[in-house]
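**Student:** Could you have a look at this structure, given as structure tokens, before my questions?
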Amino acid sequence: MNPTVQALRNKFQGAIGRGAVSCGDTIVYVKAASLSEVMAFLKEWPDQEYNYLVDITAVEYRDPERPLEMVYELFSLGRRAQLRVKVELDKSEELVVDSLVPLWNGANWLEREVFDMFGVRFAGHPDLRRILMWETYAEGHPLRKDFPLRGRFSRAEQVRQALNANPEAHYSMEEISIAEAYHEIPAEMRERLARGERGKLAEPENS
Amino acid sequence: MGLDQPKRTGTESVVSSISPNWVTTRLDFLINWGRSNSLWPMPFGTACCAIEFMATAASRYDLARFGMERMSFSPRQADVLLCAGRLPFKLASVIRRIYDQMPQPKWVISMGACASTGGIFDNYAMVQGIDTVIPVDVYVPGCPPRPEGLLYGILMLQKKVRGETLADSSLRDEDELNRQGLRLPPSLVDELSEPFGNSIHQTRSG
Amino acid sequence: MGTKRTIELEVATSGVDAQGKATRVPLGVADQTGVGILTDREEPALGGDHMLVNIGPQHPATHGVLRLVVELDGEVVVRVIPHIGYLHSGFEKLGEYRYYNQIVPLTDRMDYLAPMSNNVCLALAVEKLMGIEITERCKVLRVIACELSRIISHLVWLGTTSIDLGAFTPFLWCFQERERVYNLQEMWTGARLTTSLTRVGGLMADIPDGFTEGVREFCATLPKTMDETDRLLTRSGIWCARMQDIGILTAEEAINYSLSGPMLRASGVPYDVRKDRPYLDYETYDFEVPIGEKGDVYDRYLCRFEEMRQSVRILEQALDRLPDGPINVDDSRVSLPPKSEAMNDMEAMIFHFKQVMEGIETPVGEAYMPIEGPKGELGYYFVSDGTAKPVRFRVRPPAFINLAALPKMAEGHLLSDLIAINASVDIVMGEVDR
Numbered sequence: 017m018n019p020t021v022q023a024l025r026n027k028f029q030g031a032i033g034r035g036a037v038s039c040g041d042t043i044v045y046v047k048a049a050s051l052s053e054v055m056a057f058l059k060e061w062p063d064q065e066y067n068y069l070v071d072i073t074a075v076e077y078r079d080p081e082r083p084l085e086m087v088y089e090l091f092s093l094g095r096r097a098q099l100r101v102k103v104e105l106d107k108s109e110e111l112v113v114d115s116l117v118p119l120w121n122g123a124n125w126l127e128r129e130v131f132d133m134f135g136v137r138f139a140g141h142p143d144l145r146r147i148l149m150w151e152t153y154a155e156g157h158p159l160r161k162d163f164p165l166r167g168r169f170s171r172a173e174q175v176r177q178a179l180n181a182n183p184e185a186h187y188s189m190e191e192i193s194i195a196e197a198y199h200e201i202p203a204e205m206r207e208r209l210a211r212g213e214r215g216k217l218a219e220p221e222n223s
Numbered sequence: 286m287g288l289d290q291p292k293r294t295g296t297e298s299v300v301s302s303i304s305p306n307w308v309t310t311r312l313d314f315l316i317n318w319g320r321s322n323s324l325w326p327m328p329f330g331t332a333c334c335a336i337e338f339m340a341t342a343a344s345r346y347d348l349a350r351f352g353m354e355r356m357s358f359s360p361r362q363a364d365v366l367l368c369a370g371r372l373p374f375k376l377a378s379v380i381r382r383i384y385d386q387m388p389q390p391k392w393v394i395s396m397g398a399c400a401s402t403g404g405i406f407d408n409y410a411m412v413q414g415i416d417t418v419i420p421v422d423v424y425v426p427g428c429p430p431r432p433e434g435l436l437y438g439i440l441m442l443q444k445k446v447r448g449e450t451l452a453d454s455s456l457r458d459e460d461e462l463n464r465q466g467l468r469l470p471p472s473l474v475d476e477l478s479e480p481f482g483n484s485i486h487q488t489r490s491g
Numbered sequence: 012m013g014t015k016r017t018i019e020l021e022v023a024t025s026g027v028d029a030q031g032k033a034t035r036v037p038l039g040v041a042d043q044t045g046v047g048i049l050t051d052r053e054e055p056a057l058g059g060d061h062m063l064v065n066i067g068p069q070h071p072a073t074h075g076v077l078r079l080v081v082e083l084d085g086e087v088v089v090r091v092i093p094h095i096g097y098l099h100s101g102f103e104k105l106g107e108y109r110y111y112n113q114i115v116p117l118t119d120r121m122d123y124l125a126p127m128s129n130n131v132c133l134a135l136a137v138e139k140l141m142g143i144e145i146t147e148r149c150k151v152l153r154v155i156a157c158e159l160s161r162i163i164s165h166l167v168w169l170g171t172t173s174i175d176l177g178a179f180t181p182f183l184w185c186f187q188e189r190e191r192v193y194n195l196q197e198m199w200t201g202a203r204l205t206t207s208l209t210r211v212g213g214l215m216a217d218i219p220d221g222f223t224e225g226v227r228e229f230c231a232t233l234p235k236t237m238d239e240t241d242r243l244l245t246r247s248g249i250w251c252a253r254m255q256d257i258g259i260l261t262a263e264e265a266i267n268y269s270l271s272g273p274m275l276r277a278s279g280v281p282y283d284v285r286k287d288r289p290y291l292d293y294e295t296y297d298f299e300v301p302i303g304e305k306g307d308v309y310d311r312y313l314c315r316f317e318e319m320r321q322s323v324r325i326l327e328q329a330l331d332r333l334p335d336g337p338i339n340v341d342d343s344r345v346s347l348p349p350k351s352e353a354m355n356d357m358e359a360m361i362f363h364f365k366q367v368m369e370g371i372e373t374p375v376g377e378a379y380m381p382i383e384g385p386k387g388e389l390g391y392y393f394v395s396d397g398t399a400k401p402v403r404f405r406v407r408p409p410a411f412i413n414l415a416a417l418p419k420m421a422e423g424h425l426l427s428d429l430i431a432i433n434a435s436v437d438i439v440m441g442e443v444d445r
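Protein chains in written order, with our numbering: chain A, 17 to 223; chain B, 286 to 491; chain C, 12 to 445.
Laid out in structure tokens, this is it:
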């Protein structure tokens with residue numbers, strides 16, 4: 017096992033859960049509340065120097081009793097050492113974890129993807145919105161185990177939702193206000209935005 | 286067109302009121318010859334099929350022989366929308382808009398299995414065939430189709446174009462979305478998209 | 012933000028105000044000399060507003076379905092916000108519903124410019140998960156596959172970058188070279204592009220006769236094409252002017268953005284997975300990894316160009332050392348038995364049946380396997396619960412993470428530089444969106 021695990025236990029005691037080795041990779045479990053501190057320690061402490069964030073992802077197990085795990089893969093470029101940090105999130109509660117964007121800019125899009133696919137919120141993320149699906153996607157979070165492979169809506173409904181979003185749904189709110197564009201968009205669009213109906217489709221008329 | 290659609294009455298034109306005769310057939314021949322031999326493609330390339338399309342356009346297989354080397358990335362100047370690659374739902378409104386922007390006469394080639402039917406991606410993200418979104422003239426199967434396959438599809442389209450006639454104005458009707466915002470009835474979309482073959486279960490019990 | 016200037020008209024006879032600028036007189040008063048009108052009038056500022064321009068998702072220069080929403084101040088990019096997901100195909104979800112060998116065709120379609128390297132990475136990841144040691148011949152063949160993939164990926168990058176910057180000829184040369192590799196791929200796997208080369212514990216098939224000669228011939232002709240392209244581009248005034256000092260990222264920034272591959276090495280960080288976390292016996296091959304200095308687009312071009320030459324070097328070494336022997340590991344639970352045995356021997360038939368119908372069962376555990384793909388560090392992360400289908404199939408996509416640095420690189424540059432920077436990231440949307 018990577019000696020980092022022992023160093024973490026010495027420094028953070030109770031916040032560090034179990035350590036494990038799987039196929040040669042070291043894994044350490046960390047409590048969600050201390051994630052930022054532990055990550056800052058791992059990144060900046062001279063003996064650790066895990067300066068390279070390889071990946072952020074999440075795993076939901078088929079066994080519904082097991083918690084959802086956030087997985088952070090780290091690498092130390094100088095020491096060529098690998099570490100996998102995991103945070104267990106109880107599915108019965110709200111899925112929130114600290115954002116690592118203040119430490120690594122690379123975490124920005126990776127966390128957005130986890131939010132999109134799993135519904136985990138990242139506290140402190142500068143721009144948490146969906147990245148792979150469209151922002152107003154209504155079917156849920158695709159990589160959850162209770163999300164069926166072919167989606168929740170019927171195919172016809174999925175096509176309808178895809179084809180009929182109103183134009184402002186294709187832009188984020190930040191973009192709508194670029195260049196003072198907000199004042200120049202058509203009045204009906206502005207009204208829809210004010211009512212919070214950015215992604216709402218027109219109701220299908222009874223055919 | 287690929288799927289049965291109710292005939293729409295287009296704008297009445299002078300030509301359609303003239304029954305086909307020697308003049309119109311000569312005119313058809315000339316116009317169709319011109320159209321089929323200079324189909325400017327609008328390459329809507331998304332994925333792997335786009336790379337095979339690029340290889341078809343490159344020097345080994347050469348689309349210039351067919352008058353198609355002038356890629357038109359603006360739909361306003363294009364004749365053929367060549368959808369090369371898979372089409373996720375996020376891209377569906379984009380291709381619809383681009384298709385709507387193309388002026389008549391326009392045709393669509395659906396290149397590859399994913400564009401034709403959804404391919405191996407029978408999941409939440411993929412349109413199960415672009416014909417649920419835009420009307421298609423030629424389907425080219427393959428994953429990806431070989432350049433020769435794509436060329437065969439283009440030749441089929443050229444043959445189709447040569448068989449058209451000015452007398453039939455419904456050929457140039459714009460495809461419209463119905464009041465629900467779809468171009469096909471929902472039951473037909475669902476029927477076309479039913480799962481086939483691939484496992485949609487994670488474990489034996491579901 | 013538009014600035015609103017106020018113009019004051021003063022009573023004056025000279026027609027010129029205190030700053031020496033001509034005073035404006037409203038219509039109807041022009042004929043009266045000596046009398047002006049004191050008034051405040053707002054004049055709209057010219058050229059003060061920013062523009063919002065949408066590039067893509069359907070656009071020739073975005074290398075796939077990438078959408079860039081650009082805030083422009085004239086020609087200068089103030090902000091660029093990339094939108095991705097237009098090719099999201101649900102690979103990771105699909106992987107949970109497929110046996111491990113059934114995931115191999117999915118990997119072809121992710122990075123479709125270098126399909127064999129994705130196949131190899133998947134097989135390596137599952138073999139790491141299961142603790143399988145592959146045969147020597149298989150290792151060398153996989154190295155050949157990876158390096159060929161690296162070359163063809165860089166050839167596409169070179170061709171499309173040239174087209175983006177206006178040079179059409181290298182595109183045709185590069186695609187001609189790719190056709191040679193396509194012939195080799197077709198010879199080996201039956202498919203030009205979607206190769207599905209590997210299986211867990213081995214490969215789909217051994218190389219046919221004429222393959223090694225074909226690779227040697229390719230290694231002989233590719234450097235000539237590269238020299239031609241080099242003469243055409245590397246010292247061209249236009250090429251250098253459009254690439255040098257554009258899109259600079261320092262080493263610290265590059266590490267902070269988790270960049271990998273030539274993007275990271277061009278900024279001066281010497282991290283190459285083949286050297287730092289070796290796999291497939293890469294530590295026994297003699298090759299160099301080009302490291303840049305400045306981190307601009309030109310350095311990335313030089314890095315990738317040199318990597319192609321180094322790949323040719325590795326290919327020649329691999330061909331020299333290609334040993335004889337089996338390509339599949341000798342474990343009937345993992346590798347399909349040969350057809351002759353499966354038809355004649357009961358036990359072999361049962362193994363065949365179990366593998367095809369029930370898949371290959373992996374032990375409970377997880378494994379992350381990084382390789383040096385052409386775009387950067389490509390990693391496959393599998394989590395297994397003991398069944399034949401993974402619980403989680405995660406691809407660490409180098410192009411996705413590299414693209415996230417685009418807003419930082421493009422700020423303050425011109426719109427045409429944005430295209431050059433986008434080309435230098437070397438994205439393939441299949442991998443970015445998965």
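Think of the CB as a built atom: it goes at the ideal place given N, C-alpha and C, for glycine as much as any other residue. Note that the structure is predicted; figures quoted are calculated from it, not measured.
At a CB distance below 7 Å, what residues from the stretch 57-78 of chain A approach chain C? Give them in sequence order.
**Tutor:** Residues passing the 7 Å Cβ filter: 67, 68, 69, 70, 71, 73, 75, 77 and 78.
**Student:** Whose CA, out of 285/C, 352/C, 187/C and 322/C, lies closest to the CA of residue 389/C?
**Tutor:** If you number the third sequence from 1, residue 389/C lands on position 378. Nearest C-alpha to residue 389/C: 285/C.
**Student:** For residue 95/A, which option in 58/A, 81/A and 111/A has the closest C-alpha, if you only look at C-alpha atoms?
**Tutor:** Numbered from 1 along the first sequence, position 79 holds the residue referred to as residue 95/A. Nearest option by C-alpha distance: 58/A.
**Student:** Assuming the contact rule is C-beta atoms closer than 8 Å, residue 319/C and residue 165/C should be a hit. Round their C-beta distance to whole Å, please.
**Tutor:** Counting from 1 along the third sequence, the entry for residue 319/C is found at position 308. Counting from 1 along the third sequence, the entry for residue 165/C is found at position 154. Right, their Cβ atoms sit about 5 Å apart.
**Student:** For residue 123/C, I'd like the list of residues in its chain whose CB is within less than 8 Å of its CB, leaving aside the five on either flank, ordered along the chain.
**Tutor:** Position 112 of the third sequence, counting from 1, holds the residue named residue 123/C. Contacts found: 204, 205, 439 and 441.
**Student:** With H, G and I counted as helix, E and B as strand and the rest as coil, what does DSSP make of residue 328/B?
**Tutor:** Against the second sequence, residue 328/B aligns to sequence position 43. Strand, per DSSP.
**Student:** For residue 429/B, which residues of its own chain have a beta-carbon under 6 Å away from its beta-carbon, when the five flanking residues on both sides are left out?
**Tutor:** Numbered from its first residue, the second sequence carries residue 429/B at position 144. Cβ within range, chain order: 333, 334, 337 and 397.
**Student:** May I have the straight-line CA-CA distance separating residue 136/C from residue 361/B, to the nearest angstrom?
**Tutor:** Within the third sequence, the letter at position 125 stands for residue 136/C. Within the second sequence, the letter at position 76 stands for residue 361/B. Rounded to the nearest angstrom, the two C-alpha atoms are 47 Å apart.
**Student:** Taking any Cβ of chain B, which residues in the stretch 160-184 of chain A have a Cβ under 7 Å from it, in chain order?
**Tutor:** Within the stretch 160-184 of chain A, the qualifying residues are 165, 166, 167, 170, 171, 172, 174, 175, 176, 178, 179, 180 and 181.
**Student:** Residue 390/C touches chain A at which residues, Cβ-Cβ below 9 Å?
**Tutor:** In the third sequence, counting from the first residue as 1, residue 390/C sits at position 379. Near residue 390/C (Cβ distances below 9 Å), the residues of chain A are 70, 71 and 89.
**Student:** Measure how close the beta-carbons of residue 120/A and residue 269/C come, nearest whole angstrom, since I'm counting them as under 8 Å.
**Tutor:** Your numbering for residue 120/A matches position 104 in the first sequence. Your numbering for residue 269/C matches position 258 in the third sequence. Right, the Cβ-Cβ distance comes to about 6 Å (below 8 Å), so this counts as a contact.
**Student:** Please name the residue in 193/C, 143/C and 142/C whose C-alpha comes closest to that of residue 167/C.
**Tutor:** Counting from 1 along the third sequence, the entry for residue 167/C is found at position 156. It is 193/C.
**Student:** Can you give me, in chain order, the residues of the stretch 68-81 of chain C that have a beta carbon less than 8 Å from any beta carbon in chain B?
**Tutor:** Under the 8 Å Cβ criterion, the stretch 68-81 of chain C contributes 68, 69, 70, 71, 75 and 76.
**Student:** Which one or two residues does DSSP pair with residue 395/C in a beta bridge?
**Tutor:** Translated into the one-based positions of the third sequence, residue 395/C becomes position 384. Looking at the DSSP assignment, residue 395/C forms a beta bridge with 376/C.
**Student:** If you measure beta-carbon to beta-carbon, which residues of the stretch 357-375 of chain B are closer than 8 Å to chain C?
**Tutor:** For the stretch 357-375 of chain B, which is checked against every Cβ of chain C, the residues closer than 8 Å are 358, 370, 371, 373 and 375.
**Student:** Pull up the distance between the alpha-carbon of residue 356/C and that of residue 216/C, whole angstroms please.
**Tutor:** Your numbering for residue 356/C matches position 345 in the third sequence. Your numbering for residue 216/C matches position 205 in the third sequence. If I take the Cα positions, the gap works out to 21 Å.
**Student:** Using the DSSP secondary-structure output, state which residues sit across from residue 103/A in a beta bridge.
**Tutor:** Indexing the first sequence from 1 puts residue 103/A at position 87. DSSP output for residue 103/A lists 46/A and 86/A as bridge partner(s).
**Student:** Could you tell me the alpha carbon to alpha carbon distance between residue 325/B and residue 89/C, rounded to whole angstroms?
**Tutor:** Here the question's residue 325/B lines up with position 40 in the second sequence. Here the question's residue 89/C lines up with position 78 in the third sequence. Distance between the alpha carbons of residue 325/B and residue 89/C: 36 Å.
**Student:** Relative to the C-alpha of residue 383/B, which candidate in 110/C, 146/C, 86/C and 70/C has its C-alpha closest?
**Tutor:** Your numbering for residue 383/B matches position 98 in the second sequence. When each option's Cα is compared against that of residue 383/B, the closest is 70/C.
**Student:** Using alpha carbons as the reference points, say which of 258/C, 96/C and 62/C lies closest to residue 84/C.
**Tutor:** The count along the third sequence starts at 1 and reaches residue 84/C at position 73. The shortest C-alpha separation from residue 84/C is found at 62/C.
**Student:** Can you tell me where the beta strand (DSSP E) holding residue 126/C begins and where it ends?
**Tutor:** Start at 1 with the first residue of the third sequence, and residue 126/C comes out as number 115. Element bounds for residue 126/C: not the beta strand (DSSP E) but the alpha helix (DSSP H), 126-141.
**Student:** Taking the alpha-carbon positions, what's the residue 139/C to residue 33/A distance?
**Tutor:** Locating residue 139/C in the third sequence gives position 128, counting from the first residue. Locating residue 33/A in the first sequence gives position 17, counting from the first residue. Rounded to whole angstroms, residue 139/C to residue 33/A spans 25 Å at the Cα level.
**Student:** Where does residue 123/A sit, in a helix, a strand or coil, going by DSSP?
**Tutor:** Translated into positions along the first sequence, residue 123/A becomes position 107. Here residue 123/A sits in helix by DSSP.
**Student:** Does the beta carbon of residue 309/B sit closer than 8 Å to a beta carbon anywhere in chain A?
**Tutor:** The sequence position of residue 309/B within the second sequence is 24, counting from 1. Taking Cβ atoms only, chain A never reaches closer than 8 Å to residue 309/B, which makes this a no.
**Student:** Taking only runs that begin and end inside the stretch 346-385 of chain B, name each unbroken beta strand (DSSP E) of 3 or more residues, in chain order.
**Tutor:** Counting whole runs of 3 or more residues, the stretch 346-385 of chain B contains the beta strand (DSSP E) stretches 365-369.
**Student:** Between residue 33/A and chain C, is any beta-carbon pair separated by less than 8 Å?
**Tutor:** Start at 1 with the first residue of the first sequence, and residue 33/A comes out as number 17. It does not: the Cβ of residue 33/A has no partner Cβ on chain C nearer than 8 Å.
**Student:** How many angstroms separate the CA atom of residue 384/C from the CA atom of residue 87/C?
**Tutor:** If you number the third sequence from 1, residue 384/C lands on position 373. If you number the third sequence from 1, residue 87/C lands on position 76. Near 33 Å, if we compare the C-alpha coordinates of residue 87/C and residue 384/C.
**Student:** If you reduce the DSSP assignment to three classes, tell me which class residue 444/C lands in.
**Tutor:** The residue labelled residue 444/C in the question sits at position 433 within the third sequence. Residue state, collapsed to three classes: helix.
**Student:** Under 8 Å, Cβ to Cβ, is there at least one residue of chain B near residue 142/A?
**Tutor:** Position 126 of the first sequence, counted from the start, is the residue given in the question as residue 142/A. So no, residue 142/A is outside the interface.
**Student:** For chain B, find out if any of its Cβ atoms is closer than 8 Å to the Cβ of residue 202/A; answer yes or no.
**Tutor:** Locating residue 202/A in the first sequence gives position 186, where the first residue counts as 1. Judged by the 8 Å Cβ criterion, residue 202/A is not in contact with chain B.
**Student:** Can you tell which of 35/A, 144/A, 175/A and 18/A has the C-alpha that lies nearest to the C-alpha of residue 113/A?
**Tutor:** Taking the first residue of the first sequence as 1, we reach residue 113/A at position 97. Measuring from the Cα of residue 113/A, the nearest candidate turns out to be 144/A.
**Student:** For residue 92/A, which residues does DSSP report across the bridge?
**Tutor:** Numbered from 1 along the first sequence, position 76 holds the residue referred to as residue 92/A. Answer is 97/A, bridged to residue 92/A.
**Student:** Give me the residue from 277/C, 173/C, 261/C and 247/C with the minimum Cα distance to residue 300/C.
**Tutor:** Against the third sequence, residue 300/C aligns to sequence position 289. The shortest C-alpha separation from residue 300/C is found at 277/C.
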